[in-house]
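Chains as they are written, first to last, in this note's numbering: chain A, 236 to 487; chain B, 236 to 487.
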């Protein structure tokens, strides 16, 4: 039985204010909750009896068994599933020097929760473990973002920081890449195995204050070069094309 | 002045049934409408006086000047802009043999309107002019898809067809690529300048009936290979990574 207060609490996590106050976030669905359990501390697990029976080993600080109808009342999804969970937000320490030894991403005000979630999933696919996010970047713990990560947030750490200061604090000589319409062909130059790749805001690209700190300007060329085309790629799509090329270079 | 009937007509275009009956689709916003005018026949243009004054050369079968409030009543957007337009759906002829001379995409039940729009934008960026869509693929003329194409639908043609039959009708020897978890490394083999690249449904990938007709099975390798990671990339993201690699090969 799910009390009115618990339903209110769960649904309040749609709003950043309450997520911050509670240092908590919501995840829904069998696959996603399963992927996150064991990686994040589970404060509240709400599941049907069928789900509980099928997952005997799961531990949470508090577990509530509900009917599907009760679950639907707490859910933010159009098609509620068998389980939802409230996890504690982890506290990660952030050391910029990690970028001297491995490839990291930096996001300069990526606004759309879905784009952010997709980028986390891309980072995970390409073995990128750290993403530095400007303060204005969408919140990882937005339920839409959490769902869009498809569980990849269990393996990728996001650090919300003042991005110019972070970039200035990098060890000397760390390559800082960014994509610009007047950058150099991504495919025509060596790409390093470590460093930072900055991706910009959906509408405005990389801000001037961050652009100044980019020391390797890249361009994703269209095809055929110079043909009339869309003015840009979606930011998650561009992230994928760039990350794929960095990793290809390490293999072949 | 926008009549109640016109508002009803415009808003009805959110539904596929009415789009099909009317062979029409809706586009909103200054940038998008500007990109589509001149490429599609404009049946109805609804704009503020300020917009009309700024765009004197625009022709439409019918033009209605409205206040911003009136425009908002007809709009499907959360943040209505200065202009919306109803265009006629074009009728394209579809000749499978085009795939013998240029690279085409095929979508096997891509469901999400946003993914479809993003894929059209990717195709445009990489100079792909034809996309064969299975009958179950999301509708290009869904307003969400139209918005997500960011104007790229002016240059890319979508053909809704029975996909297995289309693939069987290709000229002999046409390469048909598809991505599979047990495919061969995308980066470890020659890719052709023409042919078809099939992308599958978000949840289920490429259907069995279509998979049988794929003659070159590809894999987008993760990094490092074999690391625990997300189980897949978003379909639009995967499309971009594959298209980028096909086009890279033609340049370098």
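C-beta atoms are modelled at their ideal positions from N, C-alpha and C, and glycine is treated no differently.
- Taken through DSSP and simplified to helix, strand or coil, residue 347 (chain B) comes out as coil.
- Within the region 360-376 of chain A, the residues whose Cβ lies closer than 9 Å to some Cβ of chain B are 360, 361, 362 and 363, listed in chain order.
- Of all residues in the region 455-473 of chain B, those with a C-beta nearer than 9 Å to a C-beta of chain A are 455, 456, 457, 458, 459, 460, 462, 463, 464, 465, 466, 467, 468, 469, 471, 472 and 473, reading in chain order.
- For the pair residue 267 (chain A) and residue 343 (chain B), the Cα-to-Cα distance works out to about 25 Å.
- Per the DSSP secondary-structure output, residue 338 (chain A) pairs in a beta bridge with A:430.
- Taken through DSSP and simplified to helix, strand or coil, residue 464 (chain B) comes out as coil.
- For residue 380 (chain A), there are no neighbours in chain B by C-beta distance under 8 Å, as the nearest C-beta there is about 14 Å away.
- Take the alpha-carbon of residue 270 (chain B) and the one of residue 466 (chain A): they are about 11 Å apart.
- Within a 10 Å sphere around the beta-carbon of residue 366 (chain B) sit 16 or more other beta-carbons, which makes this residue buried.
- In the three-state DSSP reduction, residue 314 (chain B) falls in the coil class, being neither helix nor strand.
- Note that the C-beta distance between residue 415 (chain A) and residue 454 (chain A) is below 8 Å.
- Distance check between residue 329 (chain B) and each of B:346, B:322, B:405 and B:361 places B:405 closest, using alpha-carbon atoms only.
- In terms of beta-carbon proximity, residue 422 (chain B) lines the interface with chain A, with at least one pair separated by less than 8 Å.
- Between the C-alpha atoms of residue 469 (chain A) and residue 288 (chain A) there is a straight-line separation of about 42 Å.
- The DSSP-derived three-state label of residue 447 (chain A) is coil.
- Restricting attention to A:381, A:412, A:477 and A:452, the CA atom closest to the CA of residue 349 (chain A) is found in A:381.
- Counting every other CB atom within 10 Å of its CB across the protein chains shown gives residue 439 (chain B) a total below 16, marking it as exposed.
- Per DSSP, the beta bridge partners of residue 320 (chain B) are B:262 and B:280.
- Nearest to residue 284 (chain A) by alpha-carbon distance, out of A:293, A:276 and A:277, is A:293.
- Distance between residue 485 (chain B) and residue 394 (chain A), taken at the CA atoms: about 38 Å.
- Counting only runs of 3 or more residues that sit fully inside the region 343-425 of chain B, the beta strand (DSSP E) segments are 365-369, 392-396 and 411-420, in chain order.
- In the structure shown, residue 237 (chain B) falls within a coil segment according to DSSP collapsed to helix, strand and coil.
- Residue nearest to residue 278 (chain A) within the set A:337, A:291, A:298 and A:263 is A:298 (criterion: CA-CA distance).
- Contact between residue 364 (chain A) and residue 345 (chain A) is absent: CB atoms are separated by about 18 Å, not below the 8 Å threshold.
- Interface annotation, residue 385 (chain A): in contact with chain B, CB-CB separation under 8 Å.
- Among the CB atoms of chain B, none fall inside 8 Å of the CB of residue 245 (chain A).
- Boundaries of the alpha helix (DSSP H) harbouring residue 307 (chain A): 303-309, taken from the DSSP string.
- Among the CB atoms of chain B, one or more fall inside 8 Å of the CB of residue 353 (chain A).
- Contact between residue 263 (chain B) and residue 347 (chain B) does not hold, since the beta-carbon distance rounds to 20 Å and is not under 8 Å.
- Excluding the 5 residues flanking it on each side, residue 259 (chain A) has same chain C-beta neighbours closer than 7 Å at 248, 278, 321, 322, 323 and 324, in chain order.
- Residues of chain A with a Cβ closer than 9 Å to the Cβ of residue 307 (chain B) do not exist, since the nearest Cβ in that chain sits about 21 Å away.
- Taking a beta-carbon distance threshold of 8 Å, residue 411 (chain B) does not count as an interface residue toward chain A.
- Contact of residue 479 (chain B) with chain A by beta-carbon distance below 8 Å involves 455, 476, 479 and 480.
- For residue 440 (chain B), the secondary structure class from DSSP, reduced to helix, strand or coil, is strand.
- Under the DSSP assignment, residue 256 (chain A) falls in the alpha helix (DSSP H) whose first and last residues are 251-257.
- Residue 483 (chain A) has a beta carbon lying within less than 8 Å of a beta carbon in chain B.
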